[in-house]
Amino acid sequence: MITAFIKIKTKGNDDIINITPQIQALIAQNHIESGIIFLSVIGSTAALTTMEYEPGLVKDLSQSFERLLPFRKDYAHNAAWSDDNGHSHLRSTFLKTNFFVSVSESNLDLGTWQQIVLVDFDTRSRERTVVAKIII
Amino acid sequence: MITAFIKIKTKGNDDIINITPQIQALIAQNHIESGIIFLSVIGSTAALTTMEYEPGLVKDLSQSFERLLPFRKDYAHNAAWSDDNGHSHLRSTFLKTNFFVSVSESNLDLGTWQQIVLVDFDTRSRERTVVAKIII
Amino acid sequence: MITAFIKIKTKGNDDIINITPQIQALIAQNHIESGIIFLSVIGSTAALTTMEYEPGLVKDLSQSFERLLPFRKDYAHNAAWSDDNGHSHLRSTFLKTNFFVSVSESNLDLGTWQQIVLVDFDTRSRERTVVAKIII
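Chains as they are written, first to last, in this note's numbering: chain L, 1 to 136; chain D, 1001 to 1136; chain F, 2001 to 2136.
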């Protein structure tokens, strides 16, 4: 099993970052023809998923999160800890912090317009760590 | 590691298809007693999850998606690309395109009334590919 | 591959239980330095995810589920089966029944305030089984 740690600087506030190039680099560096890459972002206010990474959907996704799990001052988390990121926690819990992607014939098993994204829901910029474990 | 590609024809528009029989066939064909099956549907407008696959919940699930992430003409994705499937993308991103299921004593580690389903959120019929990677 | 079955008694009704201690025990018992732990809760009315496990967020999370996928008598599932847990099924399908967590240097790859939780959405107390498969 190969382990790699990917560091990513984010702006927070639903910053949606395409991390597919970093994952593809892992394939090239480790000469992976077939396998599975297991990704986990450390922390409880970020998440991993896939999307067609184009500006329209980036906007639609952020607006959907705001509609479904809105920023609100009165979450119990915010009241208890004088915090402002209760919604960030809830979005991470719903979308989850992990994702796996398989590799066949040295390529990620993704669609042509499908990218792996890190979403940082926190209310400030962060340096995030994505742990990658690779099984070949 | 065993790799298999499962082809599934869908009708789109929240077509919810029970793919448990195809997964069980993989167990039988490969004589798997204990292991994990990693499933990924290729593309950014479909998803994988589990449910009790009965007509009532199939209807309830589709209606819940329509309520939470409705069809709307004015998504930025639709406006930018003269497209109509912005909601399909958002639903896939929220529910995610992958799922794993473990195997113990030659059976899927699922409940009696729990099935693995492919949901095709796109607005047209598609032939979907589900990649299965099996670790024993 | 190591297999373990973890039994957990729940109260149902969005009972959110921190199962991180049980996962950490698996690491200690099996002397795991680096690996991945694949978790699946059996059944179609529970789910696994992560959160900062503190009383405020436990309350906020339960309220968010009630707002997004509310208890309602008129789900088709309830009508068809004289049941009351249609919302429990839908929440499980959205949040999903599985989760994986990797291990590096004998520690879970989680944040300081990030715990693994089992959420039991069913409308009664249950004894749940979480299957853990460990690859080292």
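Virtual Cβ for every residue (Gly too), placed ideally from N, Cα, C. Owing to the predicted nature of the structure, the values given are computational and were not obtained by experimental measurement.
**Rounded straight-line distance, which links the Cα of D/I1027 to that of L/A47** = Along the first sequence, one-based indexing puts residue 47 of chain L at 47. Along the second sequence, one-based indexing puts residue 1027 of chain D at 27. The alpha-carbon atoms of L/A47 and D/I1027 are separated by roughly 32 Å.
**Among F/I2019, F/R2091 and F/I2032, the one whose alpha carbon lies nearest that of F/L2069** = Locating residue 2069 of chain F in the third sequence gives position 69, where the first residue counts as 1. Nearest option by C-alpha distance: F/R2091.
**Item:** Which of helix, strand or coil DSSP assigns to F/S2088
**Value:** Here the question's residue 2088 of chain F lines up with position 88 in the third sequence. In this structure, F/S2088 counts as helix in the three-state DSSP scheme.
**Asked** What are the partner residues of L/S140, as DSSP defines its beta bridges?
**Response** With chain L covering only 1 through 136, there is no way to say anything about residue 140 of chain L.
**Item:** First through last residue of the beta strand (DSSP E) which encompasses D/Y1127
**Value:** As a first step, residue 1127 of chain D is located in the second sequence; it is residue number 127 there, counting from the start. Checking the sequence shown, residue 1127 of chain D turns out to be Glu, not Tyr. Segment R1126 to I1135, the beta strand (DSSP E) holding D/E1127.
**Request:** Leaving out five residues on either side along the sequence, give the residues of the same chain with a beta carbon under 7 Å from the beta carbon of D/R1126.
**Result:** On the second sequence, residue 1126 of chain D is found 126 positions in, with the first residue counted as 1. Counting only Cβ-Cβ distances below 7 Å, and skipping sequence neighbours, we find T1010, G1012 and D1120.
**Request:** Check whether the Cβ of D/L1109 lies closer than 9 Å to any Cβ atom in chain F.
**Result:** Taking the first residue of the second sequence as position 1, residue 1109 of chain D is located at position 109. Note that residue 1109 of chain D corresponds to Asp in the displayed sequence, not to Leu. Yes, D/D1109 counts as interfacial toward chain F.
**Message:** So, for D/N1078: in the same chain, excluding its five sequence neighbours on each side, which residues have a beta-carbon less than 7 Å away from its beta-carbon?
**Reply:** One-based indexing of the second sequence puts residue 1078 of chain D at position 78. Correct list, in chain order: D1084 and G1086.
**Asked** Looking at the unbroken beta strand (DSSP E) that takes in D/I1017, where does it start and where does it end?
**Response** Counted from its first residue, the second sequence places residue 1017 of chain D at position 17. Taken as a continuous stretch (DSSP letters only), the beta strand (DSSP E) holding D/I1017 covers D1015 to N1018.
**Message:** To the nearest angstrom, how far is the alpha carbon of F/A2042 from that of D/A1080?
**Reply:** Along the third sequence, read from residue 1 onward, the residue named residue 2042 of chain F stands at position 42. Along the second sequence, read from residue 1 onward, the residue named residue 1080 of chain D stands at position 80. Here residue 2042 of chain F turns out to be Ile, not Ala, going by the sequence shown. For F/I2042 and D/A1080, the distance between alpha carbons rounds to 42 Å.
**Message:** Measuring straight from C-alpha to C-alpha, what distance separates L/K59 and D/S1104?
**Reply:** Within the first sequence, the letter at position 59 stands for residue 59 of chain L. Within the second sequence, the letter at position 104 stands for residue 1104 of chain D. When rounded, the distance between both Cα atoms is 43 Å.
**Request:** Measure the C-alpha to C-alpha separation of F/I2023 and D/Q1024 and round it to an integer number of angstroms.
**Result:** Sequence index remark: in the third sequence, residue 2023 of chain F carries index 23 (1-based). Sequence index remark: in the second sequence, residue 1024 of chain D carries index 24 (1-based). Approximately 28 Å, taken between the alpha carbons.
**Request:** For the alpha helix (DSSP H) holding D/G1012, just list the boundary residues, first then last.
**Result:** On the second sequence, position 12 is the one that residue 1012 of chain D refers to. Element bounds for D/G1012: n/a, residue is neither H nor E.
**Asked** Straight-line CA distance for L/A4 to F/R2124?
**Response** In the first sequence, residue 4 of chain L corresponds to position 4, counting from 1. In the third sequence, residue 2124 of chain F corresponds to position 124, counting from 1. Using only the alpha carbons, I get a separation of about 43 Å.
**Item:** Identity of the residues DSSP links to D/Q1115 by a beta bridge
**Value:** One-based indexing of the second sequence puts residue 1115 of chain D at position 115. Answer is D/M1051.
**Same chain, Cβ closer than 6 Å to L/Y214, five either side skipped, listed in chain order** = Only positions 1 to 136 of chain L appear in the structure, and residue 214 of chain L is not among them; the question remains open.
**Prompt:** Are the C-beta atoms of D/V1041 and some chain F residue less than 9 Å apart?
**Reply:** For this step, residue 1041 of chain D is matched to residue 41 along the second sequence. With 9 Å as the cut-off, D/V1041 does not count as an interface residue toward chain F.
**Item:** Collapsed DSSP secondary structure at F/I2042 in the structure displayed
**Value:** Looking up residue 2042 of chain F in the third sequence gives position 42. Three-state result, F/I2042: coil.
**Item:** Alpha-carbon spacing of F/E2033 relative to L/Q29, whole angstroms
**Value:** Locating residue 2033 of chain F in the third sequence gives position 33, counting from the first residue. Locating residue 29 of chain L in the first sequence gives position 29, counting from the first residue. Their backbone Cα atoms lie some 24 Å apart in a straight line.
**Contact belief for L/T50 with D/S1088 at Cβ below 8 Å, rounded distance in angstroms** = Residue numbering aside, residue 50 of chain L sits at position 50 when the first sequence is read from its first letter. Residue numbering aside, residue 1088 of chain D sits at position 88 when the second sequence is read from its first letter. Contact doesn't hold; Cβ gap of about 13 Å is too wide.
**Request:** Would you kindly check if the distance between the Cβ of L/V130 and the Cβ of L/I6 is under 9 Å?
**Result:** The residue you call residue 6 of chain L lines up with position 6 of the first sequence. The residue you call residue 130 of chain L lines up with position 130 of the first sequence. Yes; because the gap between Cβ atoms is below 9 Å, this pair is in contact.
**Cβ shell of L/L57 (< 7 Å), same chain only, five flanking positions each side left out** = Residue numbering aside, residue 57 of chain L sits at position 57 when the first sequence is read from its first letter. Here the set comprises M51.
**Request:** Give the single residue among L/A76, L/F71, L/H31 and L/F94 whose Cα lies nearest to the Cα of L/S106.
**Result:** Within the first sequence, numbered from 1, the residue matching residue 106 of chain L stands at position 106. If we check each option's Cα against that of L/S106, L/H31 comes out closest.
**Request:** Return the bridge partner residues of L/L5 from the DSSP annotation.
**Result:** In the first sequence, residue 5 of chain L corresponds to position 5, counting from 1. In the sequence on display, residue 5 of chain L carries Phe and not Leu. In the DSSP output, where bridge partners are listed per residue, L/F5 has L/V131.
**Asked** Which value, in whole angstroms, describes the spacing of the CA atoms of D/T1020 and L/S82?
**Response** Here residue 1020 of chain D is taken as the residue at index 20 of the second sequence, counted from 1. Here residue 82 of chain L is taken as the residue at index 82 of the first sequence, counted from 1. Each residue's alpha carbon lies about 47 Å from the other.
**Prompt:** Ends of the alpha helix (DSSP H) at L/H77?
**Reply:** Indexing the first sequence from 1 puts residue 77 of chain L at position 77. Element bounds for L/H77: A76 to W81.
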